[in-house]
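Colleague: Pasting in a structure now, in structure tokens, and then I'll have a few things to ask.
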């Protein structure tokens, strides 16, 4: 619960207007006058000004709030979930599952709320079946509303993913034009020597082909998941050393990596593992870009690679400022980003790929002022 606002103890004399407001709420309106007066005398009032924060995601308080007047906005990850007004309840899930708050809540206008803690709720509502049934109906309405919102979000995502696939069409033309350019630079006779720039054009063609293939695969997988189709998650044996080198080369001009030196610590030794090539490539890209963001201009990023029993371990190390204890608590658990242009999904995607899809492990080690290392382990190729 936000420490910025302090509750006020209600006076012994119960104002009639507050009693009437409480009678108008769905759950508490079913209680008798004695229980309503008990709620008002033992509950805590919260007087909020516009934009005052009431609850923060992760708070562990076990109480619900009755909105007596005003309006409260509930948000998560910067997205508005709902607006609650006079007569509505807020935070009732904390009395049921005893888990931390799952969203933020702030006043969108001057508001008056009554906080009812767990024991007081049991004393006044717990013995009233009709009031408890009413609360179940409220929870059901909330769940249906969230499902409707989720369905709309999935529909929008489906449209976006479909349109994204269409946007990739020009890459096919670019691949063809690059191929034509290669032919012109190579010459029409096998005895001709390739013209200057042929090697660069070959790299451009290969990069375009690789990016197009990867993006199309990702879009197809995304569409299949959105449509709830079963998608086979295939794994094969690959050399992680080569994948790391190829990925570094492909994204070396990224704005967070350009001008920074990537140092390999394993001297190019092959390390074979069993994995989904595109998925692990995405993990490496995410971790490299994050390391680049934490690295000073012209600084170094180190890549560690070794066998660890029946697993292969990859470590990507930066020498930045390290990760604060506050941020450490949310990494891999919730949407978080420190980059102005980030969306916070990178590390969540990495965790899903490594732990859920590859049954591996991903973690980090950090020291203030010394930097951080993000590591993951996946299944080793048993032949090697």
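In the working numbering, the protein residues as written are 16 to 399. From the three backbone atoms N, C-alpha and C, an ideal C-beta is built for every residue, glycine too.
1) Are there three or more Cβ pairs, one per stretch, closer than 8 angstroms when the region 117 to 130 is compared with the region 143 to 163?
2) Around the C-beta of residue 294, are 16 or more other C-beta atoms found within 10 angstroms, so that it is buried, or is it exposed?
3) For the beta strand (DSSP E) holding residue 91, just list the boundary residues, first then last.
4) Per DSSP, what are the beta-bridge partners of residue 379 in this structure?
5) Secondary structure at residue 119, three-state DSSP: helix, strand or coil?
6) Measuring only the C-alpha atoms, how far is residue 263 from residue 277?
7) Between the Cα of residue 337 and the Cα atoms of 331, 348 and 309, which residue gives the shortest distance?
8) How would you label residue 384, buried or exposed, when you count the other beta carbons within 10 angstroms and need 16 or more for buried?
9) Compare the C-alpha of residue 371 against each of 67, 41, 392 and 133 and name the closest.
10) Should residue 136 be labelled buried (16 or more other beta-carbon atoms within 10 Å of its own) or exposed?
11) Assuming the contact rule is C-beta atoms closer than 8 angstroms, residue 109 and residue 89 should be a hit. Round their C-beta distance to whole Å, please.
12) What number of angstroms, rounded off, separates the C-alpha of residue 92 from the C-alpha of residue 72?
13) Put residue 159 into one of helix, strand or coil per three-state DSSP.
14) Candidates 362, 343 and 364: which alpha carbon is nearest residue 382's?
15) Does DSSP classify residue 27 as helix, strand or coil?
16) If you check the beta carbons only, do residue 376 and residue 325 fall under 8 angstroms apart?
17) Could you say which of 55, 304, 252 and 113 lies nearest to residue 272 if we only look at CA atoms?
18) What is the DSSP secondary structure of residue 281, reduced to helix, strand or coil?
19) With residue 331 and residue 389 assumed to form a contact (beta carbons below 8 angstroms), what rounded beta-carbon distance in angstroms separates them?
20) Looking only at its own chain, which residues have a Cβ that is under 7 angstroms from the Cβ of residue 250, when we skip the five neighbours before and after it?
21) Can you name, in chain order, every residue of its own chain whose Cβ lies under 8 angstroms from the Cβ of residue 48, other than the five neighbours on each side?
22) Between which residues of its own chain and residue 38 is the CB-CB distance below 7 angstroms, once the five residues before and five after are set aside?
23) Decide if residue 323 is buried, meaning its Cβ has at least 16 other Cβ atoms within 10 Å, or exposed.
24) Measuring alpha carbon to alpha carbon, tell me which of 348, 312 and 321 ends up nearest residue 334.
25) What are the boundary residues of the beta strand (DSSP E) that residue 340 is part of?
26) Between 361, 346 and 397, which lies nearest to residue 378 when the distance is taken from Cα to Cα?
27) Give the straight-line distance between the Cα atoms of residue 83 and residue 104, rounded to the nearest whole angstrom.
28) Within the same chain, show all residues whose beta-carbon is closer than 8 angstroms to that of residue 357, passing over the 5 residues directly before and after it, in chain order.
29) Is the CB-CB distance between residue 186 and residue 216 below 8 angstroms?
Modeller: Reading off the structure:
1) Contact between the region 117 to 130 and the region 143 to 163 is absent: fewer than 3 CB-CB pairs across the two stretches fall below 8 angstroms.
2) A residue is called buried when at least 16 other Cβ atoms come within 10 angstroms of its Cβ; residue 294 meets this threshold and is buried.
3) Residue 91 -> beta strand (DSSP E) spans 86 to 91.
4) Residue 379 is bridged to 389.
5) Three-state result, residue 119: strand.
6) When rounded, the distance between both Cα atoms is 8 angstroms.
7) Among 331, 348 and 309, the Cα nearest to that of residue 337 is on 309.
8) By the 10 Å Cβ count, residue 384 comes out exposed.
9) Ranking the options by Cα distance to residue 371, first place goes to 392.
10) Under a 10 Å Cβ-count criterion, residue 136 is classified as buried, with 16 or more other Cβ atoms of the shown protein chains found around its own Cβ.
11) Actually they do not touch by this definition, with Cβ atoms about 13 angstroms apart.
12) Within the model, the alpha-carbon separation for residue 92 versus residue 72 is close to 10 angstroms.
13) Three-state result, residue 159: helix.
14) The shortest C-alpha separation from residue 382 is found at 343.
15) Only weak support is given to the placement of residue 27: the predicted model assigns it a pLDDT of 38, under 50, and the value that follows is read from those uncertain coordinates. Reduced to three states, the DSSP call for residue 27 is coil.
16) In this structure, residue 376 lies away from residue 325, with their beta-carbon atoms at least 8 angstroms apart.
17) It is 304.
18) Three-state result, residue 281: coil.
19) Yes, they are in contact, since the Cβ atoms of residue 331 and residue 389 sit about 5 angstroms apart, within 8 angstroms.
20) For residue 250, where only same-chain residues beyond five positions count, the Cβ hits under 7 angstroms are 289, 290 and 291.
21) Cβ within range, chain order: 34.
22) The answer, listed in chain order, is 44 and 51.
23) With fewer than 16 Cβ atoms within 10 Å of its Cβ, residue 323 is classed as exposed.
24) Cα-wise, what sits closest to residue 334 is 312.
25) Segment 340 to 343 is the alpha helix (DSSP H) holding residue 340; no beta strand (DSSP E) there.
26) Minimum Cα distance to residue 378 is reached at 346.
27) Roughly 9 angstroms between the two C-alpha positions.
28) Bear in mind that a pLDDT of 49 at residue 357, under 50, signals an unreliable position, so the number given afterwards is only what the model happens to contain. Around residue 357: no qualifying Cβ.
29) Cβ atoms of residue 186 and residue 216: not closer than 8 angstroms.
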